[in-house]
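Residue 417 in our numbering sits at position 417 of the sequence shown, with consecutive numbering throughout.
By construction, the Cβ of each residue, glycine as well, lies at the ideal position given by its N, Cα and C atoms.
Input: a single structure, listed below in structure tokens.
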Amino acid sequence: MSAEPRDILDMNAFDGNADGEDDDTLLNRRMRNVGAASVLFYKQPIEMVRGRGCWLEAADGTRYLDFYNNVPSVGHCHPGVVAAIRHQLGELNVNSRYLNATTEMYLERLKATLPTRLSNILLACSGSEANDLAIRVAKIETGCTGFIVTKTAYHGNTSAVLELSPAAFKRGKPPPHVEVIPPPTAAAYGANIAGGFTDAVCRAIHALRGRGYGFAGLICDPIFSSDGIFPHPAGFLGTAATAVRSAGGVFIADEVQPGFGRTGHMWGFERHGITPDIVTMGKPMGNGYPMSGMATSPELLAKLCEDFGYFSTFGGTAASAAAGLAVLDAIRDEGLQENATNIGAYLAARLQAIAEADERVSEVRSAGLFIGIDLCRDGSPSEPDPGLADQLVNSLCERRVLIGSAGPYGHTLKIRPPLCLTREDADFFADALTETLRTA
Ligand code: PMP
1 MSAEPRDILD MNAFDGNADG EDDDTLLNRR MRNVGAASVL FYKQPIEMVR
51 GRGCWLEAAD GTRYLDFYNN VPSVGHCHPG VVAAIRHQLG ELNVNSRYLN
101 ATTEMYLERL KATLPTRLSN ILLACSGSEA NDLAIRVAKI ETGCTGFIVT
151 KTAYHGNTSA VLELSPAAFK RGKPPPHVEV IPPPTAAAYG ANIAGGFTDA
201 VCRAIHALRG RGYGFAGLIC DPIFSSDGIF PHPAGFLGTA ATAVRSAGGV
251 FIADEVQPGF GRTGHMWGFE RHGITPDIVT MGKPMGNGYP MSGMATSPEL
301 LAKLCEDFGY FSTFGGTAAS AAAGLAVLDA IRDEGLQENA TNIGAYLAAR
351 LQAIAEADER VSEVRSAGLF IGIDLCRDGS PSEPDPGLAD QLVNSLCERR
401 VLIGSAGPYG HTLKIRPPLC LTREDADFFA DALTETLRTA
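Structure, rendered in structure tokens:
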């Protein structure tokens, strides 16, 4: 296999330098201001000025269909969310050490979507913080430091969770308290994905114990988004979760990507019929207002709080709760889970037809509006083609569609449009992909 593994920020990244002509372009200013850490999408970075529903508008007036970004999940600049934040910011925005009814109402509405066992929720501002808390809970509960993650997982950017994010490593690999296992693919485990994945978890537990770290837990994104999107067969995580518990570990579902309705279910773990010990969430939680959370049982949380209290200045403010409530309202009132299921199935069927007609498209995998499309060379699924993925991502952009890539080599097109996607939007994408493949 000739494709090289790529780190997550390398996918569809601008790789040029400042443009020499005019010192005051936004691009030059960005390069000066952020330096080596500047990460921009696309060969020609785009300046965006407005968003509505599934569409973004650039400074030059071009409108783009956004299939890239799963944060504005109920639609860019959703009027209900904007009004709720604006209203709350105009009334009161205090931290969670004061009582306020909006925050309590939000927590109760959020808890109603989760298994009853997970009845305590800590609010923070980023998925990274939520996962950082989760691994702290798991370490304190088990007295161990060993974790299992999948090969191209990404769980965030604090020092602790970066170590559990192989996808973020440009060189080197996770430290020895982290055991990396293949994601749930037929290529790794054959037809018995549940059995193969569970065996890999058990071997990893054994290895962590052998190295003296013990086993604290398995953290996984139930849709395995940065690994390349592997939702099938639904239920395959069940036996792995059981194995984790029998070994005394904690099962952490990182719902930062699939959570809040995208798979047609409120939570990605529901498709697997499991109740995690800890659920973390973020991205679409505030539709762009920075919010995240960690839900767990009162027993696990109490142990954490014996060692450290928890407070976040911005986590759980009244304004963030107002944003979160408006997101839950939109999901319910606009039938967005149902829409994710129905339009997701319609779009997946169109993409399947494209795959059947083109041997370079080796597989389409989907759950609701989370879809992965694998690209390969010469009709050979074992020959991933990240070059074609890069080409399609940039050509689709020229056809006014924004899309990202994922997987170890970046050969999987990653589809995550807002959940208010219409059939016309789905057709716009499928037609653009057909045309783009025709000329690629
Ligand atoms: N978990 C997963 C699965 C993610 O995809 C991400 C972000 N891409 C994170 C955690 C970290 O979230 P944040 O960037 O909000 O810290």
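- The C-beta distance from Pro115 to Pro418 rounds to 27 Å, too long to meet the 8 Å contact threshold.
- Look at Tyr68: its beta carbon is at least 8 Å from all of the heavy atoms in ligand 1.
- The Cβ atoms of Ala330 and Val74 sit closer than 9 Å to each other.
- Every unbroken stretch of the beta strand (DSSP E) spanning 3 or more residues and falling wholly within the stretch 242-303 is given here in chain order: 250-254, 278-281, 292-296.
- The C-beta of Thr422 has fewer than 16 other C-beta atoms within 10 Å across all chains shown, which makes the residue exposed.
- Here the alpha carbon of Ile229 sits roughly 38 Å from the alpha carbon of His87.
- Considered as a whole, the stretch 319-357 harbours 336-357 as its complete alpha helix (DSSP H) runs of no fewer than 4 residues, in chain order.
- At a cut-off of 8 Å, the beta-carbon of Tyr154 counts as near ligand 1: some heavy atom of the ligand is closer than that.
- Annotation for Val34 indicates a beta carbon at 8 Å or more from all heavy atoms of ligand 1.
- The continuous beta strand (DSSP E) containing Phe370 extends over residues 370-377.
- Distance from the CA of Leu413 to the CA of Gly146, rounded to the nearest whole angstrom, comes to 32 Å.
- The beta-bridge partner set that DSSP reports for Ala406 consists of Thr412.
- In the DSSP assignment, Thr102 falls within the unbroken alpha helix (DSSP H) covering 101-111.
- Listed in chain order, the non-local C-beta contacts of Thr313 below 7 Å within the same chain comprise Asn95, local neighbours out to five positions each way being set aside.
- DSSP places Asp66 in the strand class (E or B) of the three-state scheme.
- Bounds of the beta strand (DSSP E) holding Ser380 are 380-384.
- Collapsing the DSSP output to three states places Arg365 in a strand.
- Ligand 1 has a heavy atom closer than 8 Å to the beta-carbon of Gly127.
- Bridge pairing for Gly53: His76 [DSSP].
- Inclusion of Leu388 and Arg360 in the CB contact set at 9 Å is warranted, their separation being smaller than that value.
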